[in-house]
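Chains as they are written, first to last, in this note's numbering: chain A, 136 to 689; chain B, 107 to 199.
Beta carbons: idealized from backbone N, C-alpha and C, even for Gly.
Data block below; observations after.
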C-alpha cells in the first residue's frame with residue numbers, strides 16, 4: 136500500500152514511468168540499508184535515525200535472532216509528538232464521562248471506607264463532595280475538547296448549584312489540606328487563613344454577619360460588598376498567571392475569559408490577521424494561508440497540505456522552465472538571424488547595392504581573340520568610358536564651336552549606332568562608336584579641317600575624325616597620328632595593364648610582325664586606362680589595310 | 107549517512123536533480139509518517155516494519171482518583187527485515 140501510494144505520487148508529480156518510480160522507491164531503502172551497514176547510522180530528516188545496535192533478542196524474529204547486530208529506530212521529536220498527539224486526542228474525546236463517573240465512585244468509596252467521614256456530620260460529606268466536584272471540574276476543563284465544553288453547572292448535581300459558589304475567590308481552592316485538619320482548627324484567625332472547608336461552609340450557610348480576619352482591620356463599603364468582583368469561572372480552575380500568559384501568547388485580551396484548551400487550534404490562529412504567511416495549527420498538519428489584503432476568515436483561508444505545496448512548486452518550476460525556454464529560443468533565433476545576415480552580407484550587397492549594368496557591355500574571349508556579345512561587365516564598359524572622357528575633355532575645350540554642328544553630328548551618331556546594332560558587332564566597337572559620336576558632338580568645325588591631311592582626303596571615306604584620331608567605322612578601330620607623323624592603330628582600351636598586355640599578346644599572335652604597345656592614360660575620375668595600340672604605318676591607308684586584316688583574322 | 111548523502115546518491119544513480127530527489131524523499135517520509143499515525147503500523151518491503159506501541163500509564167497526582175489519564179507516551183518501534191539484518195551483519199559474519 137505504502138509503496139503503491141508513493142510510486143503513484145512520484146509518477147504523478149515527476150512524470151516518470153512506473154519502472155523508474157519503483158526503482159527510485161527501492162533504491163531509497165537500499166541506500167538507507169547500505170548507509171546503516173557502512174556508517175552504523177542513517178539519519179533521515181523528519182523521520183528519525185536508524186542506529187546499529189547489538190542484539191539482545193528483542194524485537195527481531197526468531198529466524199534472525201542469531202545475528203549479533205540489529206537496528207534501532209529513534210524517531211524525531213516531531214514524529215514522536217505527532218504520534219502521541221493523535222492518541223491523546225482520541226483518548227480525551229471519550230474521557231470526561233468516565234472521569235466523572237469514576238470520581239463519583241471514588242467519592243462513594245471514600246465515604247464508605249473512611250470512618251471519620253462516615254461518622255462526621257452531613258456537612259463534612261458535603262465538603263468532600265464539593266472538593267471532588269471541583270477537582271472534577273478542573274479535570275474536565277483540562278481534558279475536555281472545546282466542542283464538548285460545557286459550563287461546569289451542567290455536571291453538577293441539582294442540589295449543588297448554588298449561586299454563592301461563584302463568588303468564591305481563587306485562593307480558596309489552592310490549598311490541599313484535608314477537611315479533617317481544617318476542622319481541628321477552631322480559632323477565628325484560622326478561618327481567615329484560607330482553609331477551604333471553613334470558607335465553603337460559611338458561604339453555603341450564607342451568614343453575612345460573619346467576618347473574615349481582614350474584616351476586623353478594614354472598613355468595608357456595604358455597597359461594594361453587594362456587588363463583589365466575580366472572577367470568571369476559568370480563573371477558578373486555572374492559575375491566573377497561566378491565563379495571563381495564555382492571553383499574551385494569543386493576544387486576545389478583549390475576549391471573555393472562558394477556558395480554552397491549550398491544544399485548541401483556534402487559539403493559535405485566532406484570526407487577528409497580524410500573522411501573515413504560513414502558520415501551522417496544533418492539531419492539524421495542514422497549512423493555512425491568508426494574505427495581507429484579505430480579511431482572514433475561514434472562507435478566505437486556503438488549506439494547503441504538503442502535497443499541494445509540492446504541486447505548487449512543480450507548477451512554478453514548469454512555468455519557469457517554459458519561460459526560460461521561450462527566452463532562450465528567442466535569443467537563439469535572433470542571434471542566428473544576425474549571424475546569417477553577417478555571413479551573407481556580401482551576397483546581399485551584390486544583389487541589392489551593385490549599380491545597374493547597362494546592356495552595352497562586352498566580354499572578350501582572351502584565348503580566341505574574338506569579341507563577343509555576352510553578359511555585361513564593368514571592366515569592358517570601362518574602355519568606352521575612357522574614350523568618352525577623352526572626348527568630353529576635348530569638347531569642353533571647344534565648347535563654343537560645338538553648337539553649330541551638334542544636330543548634324545547627332546544624326547550621324549544615331550545612324551552609326553543603328554548600323555552597328557543591326558550588324559551585331561562587338562560591343563567594344565559600339566562603345567567606340569558611341570565615343571566617336573560624343574566626340575563628333577563636341578568637335579569644332581575648325582578642328583576638322585586641319586586634321587584632315589591632303590594626301591589622305593581621298594581615302595577618308597568611312598572615317599570619322601575625333602579627339603584621338605580617325606575612327607574607322609568599318610573596322611572599329613581608331614587611327615592615331617604619332618608625333619613623327621606616322622599612324623598607329625588603337626584597337627582597344629582596358630582598365631588594367633594585365634588585360635591590356637594580354638590583348639597585345641593576342642594581337643601579336645594574330646598578326647605576325649606587328650609590334651603592340653600599351654599607352655597609360657589617367658582620366659581623373661574615370662581612373663587609369665591602358666590603350667592597346669599596334670604598328671606604325673606611314674599612311675592611314677596602310678593602317679587601314681592592317682585593320683582590315685585584323686578584322687578578318689579576329 | 108544522512109539525508110544529504112541519500113539525496114546525492116539518488117540524484118547520481120537515477121540522473122535526476124537533487125531538488126527532485128529531495129522532494130521524492132520528502133514524499134516518502136510524509137506518506138510513511140501519515141500511515142504510521144493513521145494505522146499505527148507501516149511495513150516496507152525488504153526494509154522493515156514500523157509500529158506504534160503504547161506504553162503503560164505512569165502514575166502521577168491524578169492517579170489517586172483512579173482515572174485513566176492519558177499521560178502515556180506512544181513509542182514507535184522498528185522491526186528490521188531479514189534482508190536489512192543480513193546486510194548489516196555481513197562484515198561481522
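Burial state of residue 630/A is buried, judged by a 10 Å Cβ sphere holding 16 or more other Cβ atoms. In the three-state reduction of the DSSP assignment, residue 640/A falls in the helix class. Per DSSP, residue 669/A lies in no alpha helix (DSSP H) segment; the continuous beta strand (DSSP E) that holds it begins and ends at 663-672.
Of the candidates 684/A, 651/A and 634/A, the residue whose Cα lies closest to the Cα of residue 663/A is 634/A. In the structure shown, the three-state DSSP call for residue 479/A is coil. Taking C-alpha positions only, residue 155/B is separated from residue 149/B by approximately 4 Å.
Per DSSP, residue 375/A is one residue of the alpha helix (DSSP H) stretching across 375-385. In terms of beta-carbon proximity, residue 441/A lines the interface with chain B, with at least one pair separated by less than 7 Å. For residue 193/B, the enclosing alpha helix (DSSP H) starts and ends at 188-194. No Cβ-Cβ contact shorter than 7 Å links residue 645/A with residue 651/A. A residue is called buried once 16 or more other Cβ atoms fall within 10 Å of its Cβ, and residue 152/B, having fewer, is exposed.
Distance from residue 182/A to residue 151/A at the Cβ level is roughly 22 Å; contact not present, criterion being Cβ atoms closer than 8 Å. DSSP, reduced to helix, strand and coil, places residue 203/A outside both helices and strands of the structure shown, so it counts as coil. For residue 135/B, a Cβ of chain A is located within less than 7 Å of the residue's own Cβ. Cα atoms of residue 469/A and residue 458/A: separation of roughly 17 Å, rounded to the nearest angstrom.
In chain order, 181, 182, 214 and 217 make up the part of chain A whose C-beta sits under 8 Å from the C-beta of residue 139/B. Among the CB atoms of chain B, one or more fall inside 7 Å of the CB of residue 140/A.
Residues of the region 159-173 of chain A that bring their beta carbon within less than 9 Å of a beta carbon in chain B comprise 159, 160, 161, 162, 163, 164, 165, 166, 167, 168, 169, 170, 171, 172 and 173, in sequence order. What residue 210/A touches in chain B, judged by beta-carbon distance under 7 Å, is 182, going in chain order.
Residue-level contact by beta carbon holds for residue 145/A and chain B, with a gap shorter than 7 Å.
Close to residue 147/B, with beta-carbon spacing below 8 Å, lies no residue of chain A; the smallest spacing is near 10 Å. In the displayed model, residue 273/A falls within a helix according to three-state DSSP. Under DSSP, residue 183/A forms a beta bridge with 179/A and 210/A.
At a cut-off of 7 Å between beta carbons, residue 177/A contacts chain B.
Inter-residue distance for residue 273/A and residue 380/A is about 18 Å (C-alpha atoms, whole angstroms). In the DSSP secondary-structure assignment, residue 611/A is not bridged to any residue. Ranked by how close their Cα comes to the Cα of residue 653/A, the residues 637/A, 659/A, 647/A and 449/A have 637/A in first place.
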